[in-house]
Amino acid sequence: MKDKYPLVSIVIPTYKRPDTLARAIKSVLSQTYKNIEILVVDDNNPNTEDRRLTHCVMDEFVDEFRIKYLEHPYNKNGSAARNTGANNANGEYVAFLDDDDEFLPEKIKSQVERMEMLDDTYGCCYSKYICKRNGELVSEGTENREGRLLLDALMRNLNIAAGSNLLIRKDVFVEIGGFDESFKRNQDLEILVKILRIRKIAYTDVLGLIVNAHEQSHSIDFDLVTEQYIKAFSGFINELNYSDKNKLFRMMNLQRFRFKLRLQHDIIGCLKMIFGGELKPKDVLRYTCFLIKGVVTKKTNRFEL
Numbered sequence: 145m146k147d148k149y150p151l152v153s154i155v156i157p158t159y160k161r162p163d164t165l166a167r168a169i170k171s172v173l174s175q176t177y178k179n180i181e182i183l184v185v186d187d188n189n190p191n192t193e194d195r196r197l198t199h200c201v202m203d204e205f206v207d208e209f210r211i212k213y214l215e216h217p218y219n220k221n222g223s224a225a226r227n228t229g230a231n232n233a234n235g236e237y238v239a240f241l242d243d244d245d246e247f248l249p250e251k252i253k254s255q256v257e258r259m260e261m262l263d264d265t266y267g268c269c270y271s272k273y274i275c276k277r278n279g280e281l282v283s284e285g286t287e288n289r290e291g292r293l294l295l296d297a298l299m300r301n302l303n304i305a306a307g308s309n310l311l312i313r314k315d316v317f318v319e320i321g322g323f324d325e326s327f328k329r330n331q332d333l334e335i336l337v338k339i340l341r342i343r344k345i346a347y348t349d350v351l352g353l354i355v356n357a358h359e360q361s362h363s364i365d366f367d368l369v370t371e372q373y374i375k376a377f378s379g380f381i382n383e384l385n386y387s388d389k390n391k392l393f394r395m396m397n398l399q400r401f402r403f404k405l406r407l408q409h410d411i412i413g414c415l416k417m418i419f420g421g422e423l424k425p426k427d428v429l430r431y432t433c434f435l436i437k438g439v440v441t442k443k444t445n446r447f448e449l
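For the sequence shown, the numbering used here begins at 145 and goes up steadily by one.
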């Protein structure tokens with residue numbers, strides 16, 4: 145017989161953000177679902193100002209029995225911090241919250257209720273979310289699909305803010321081996337892809353998360369980032385059939401186009417991609433309309449190839 149209120153473990157990895165950590169913790173303590181534990185994993189180096197300030201933040205919660213404070217002996221990385229939390233978790237479910245994001249009160253309750261309705265072919269659940277920058281609304285996630293969405297995840301076309309949004313069955317997390325600690329970026333996508341290789345994803349139509357975005361650097365070499373992404377995920381990509389691989393690389397090129405156009409204003413680079421055969425003009429037209437619609441409506445959704 146299933147426990148009506150299974151324990152949920154929420155892991156908050158923190159690094160150089162003592163100013164937002166308390167807000168993140170309080171957002172979890174404000175959940176309407178009460179059978180939770182919180183594991184704060186301090187990934188700051190010892191004997192640093194960030195470690196000292198994080199100690200000061202945690203002193204505020206010293207009497208909260210649901211919180212465990214775990215300190216790394218040295219700075220590892222976000223993936224390692226998430227694994228440390230999950231490995232010390234007692235919950236039937238595990239969730240992760242970045243230290244600058246916020247849960248809204250009904251998030252965990254709605255996700256647990258949805259997962260408890262489904263069979264074990266479902267490995268995780270996400271909720272609606274909004275993205276803010278400096279307190280102002282940037283976008284609202286409108287993805288609502290469920291099921292087997294591995295290809296969309298690999299295409300970076302499943303916009304669900306997975307890093308702070310997933311509620312994962314603990315046994316599934318263990319089965320996939322947790323986070324790959326060699327990943328310095330795309331940790332949220334790496335865990336999502338591994339889950340979707342073996343399980344389906346569920347959705348709850350409840351606004352559960354605020355993602356607090358930061359300004360994106362215009363100096364990033366997005367071509368290099370994409371090259372590194374393809375290399376890192378090559379094992380998963382090589383499992384795709386020819387048609388799905390073709391879709392994936394078309395999407396990668398469109399995302400490179402978007403970065404050149406919107407952030408770098410590199411019109412010449414965009415034209416080179418079109419006339420060099422990397423992009424189909426029809427795809428470019430449809431994708432540009434899609435981007436404009438997203439800016440106007442402040443809605444984030446998938447692009448249909």
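C-beta: ideal position from N, C-alpha, C; glycine also.
Check the Cα spacing between K148 and each of E260, R196 and G421: the tightest is with E260.
Taking C-beta separations shorter than 8 Å and ignoring five residues to either side along the sequence, the partners of V337 in its chain run L294, A297, L298, F377 and F380, following chain order.
Looking at the DSSP output, I182 bridges to I154 and I211. Annotated three-state conformation of R226 is helix, per DSSP. For R313, the enclosing beta strand (DSSP E) stretches over residues L311 to R313. Burial check for T265: the Cβ neighbour count within 10 Å stays below 16, so the residue is exposed. Annotation for S171: the continuous alpha helix (DSSP H) segment containing it runs P162 to L173. Counting only residues of its own chain and dropping the five nearest sequence neighbours on each side, L281 has a CB closer than 7 Å to the CB of I274 and K442. In its chain, beyond the 5 residues on either side, L351, G352, L353 and I354 have a beta carbon closer than 7 Å to the beta carbon of L248. V369: member of the alpha helix (DSSP H) spanning F366 to A376, first to last residue. Counted as a single uninterrupted DSSP element, the alpha helix (DSSP H) harbouring R402 occupies residues Y386 to R402. Per the C-alpha coordinates, the member of L311, Y270 and R329 positioned closest to N303 is Y270. Here DSSP, grouped into helix, strand and coil, assigns Y347 to strand. The region 313-327 and the region 362-372 do not touch, with fewer than 3 CB-CB distances between them shorter than 8 Å. Here P162 is buried: its Cβ has 16 or more other Cβ atoms, across all protein chains shown, within 10 Å.
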